[in-house]
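Here's the structure, in structure tokens; my notes come after.
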Amino acid sequence: MLRDFFTFESGDFQAGSPLRHISLRLRAGSGQAAVDQITDIWKRVIPGAPLKVDFMENVISDEIEGKTQSLALAASMATIVFCTAIIGIYAPAAFVCDRNAKSITIRKVLGSSRRSILSLLLKQFTVPIFASFALALPVSIYFIQEFYSSFQQTPGFPVSMYAMCLAGI
Numbered sequence: 007m008l009r010d011f012f013t014f015e016s017g018d019f020q021a022g023s024p025l026r027h028i029s030l031r032l033r034a035g036s037g038q039a040a041v042d043q044i045t046d047i048w049k050r051v052i053p054g055a056p057l058k059v060d061f062m063e064n065v066i067s068d069e070i071e072g073k074t075q076s077l078a079l080a081a082s083m084a085t086i087v088f089c090t091a092i093i094g095i096y097a098p099a100a101f102v103c104d105r106n107a108k109s110i111t112i113r114k115v116l117g118s119s120r121r122s123i124l125s126l127l128l129k130q131f132t133v134p135i136f137a138s139f140a141l142a143l144p145v146s147i148y149f150i151q152e153f154y155s156s157f158q159q160t161p162g163f164p165v166s167m168y169a170m171c172l173a174g175i
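Numbering (our numbering), first residue to last: 7 to 175.
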């Protein structure tokens, strides 16, 4: 059904001309013959104006392809950010464990349980995480508000998403 729709785009044949695009629907099966007839009439009526003919099917598929490529790029960038975040979380955890290796060994020899050693490490690990979250939250709120300011309608600020990220970490 989309093959029956097409659009004409005229060039800049007159400055300030309101007619730039014409969309028409052809009868089913008329196809290229009707387009050729319309092109001939166009060349007779407005000989100096260039005419570009696009079928709506092609216009829509080009638009979908562009959106798909944008989505693929966004997914790739999200993957890179996610991997960087995982490395950023692993590095402080490894640092805390490495820094406390001797004290962990001494505590274990003196009879501490795994749970108490783990809770000590988690306390030392979570302080930098909460500090970085507290610093990053206002910055992210600012940039999200700047991004959403260009839209007429916005989904709002997803506070629950930030809380879920912090809980996940």
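Cβ atoms here follow ideal geometry from the backbone N, Cα and C, with glycine treated the same way. No experiment lies behind these values; they were computed from the predicted model shown.
Range covered by the alpha helix (DSSP H) that runs through residue i
i, result
"F131", "120-154"
"A169", "165-174"
"T160", "Per DSSP, T160 belongs to no alpha helix (DSSP H) and is neither H nor E."
"I44", "37-51"
Residue range of the beta strand (DSSP E) that includes residue i
i, result
"L57", "57-61"
Residue burial classification, residue i (beta-carbon count within 10 angstroms, cutoff 16)
i, result
"V133", "exposed"
"V102", "buried"
Coarse secondary structure for residue i, derived from DSSP in three states
i, result
"I28", "strand"
"A99", "helix"
"R105", "helix"
"A34", "coil"
"L79", "helix"
"G54", "coil"
"G117", "coil"
Contact belief for residue i with residue j at Cβ below 8 Å, rounded distance in angstroms
i, j, result
"L141", "Y168", "In fact, because the Cβ distance is near 13 Å, the residues do not count as touching under 8 Å."
"T45", "L57", "6 Å"
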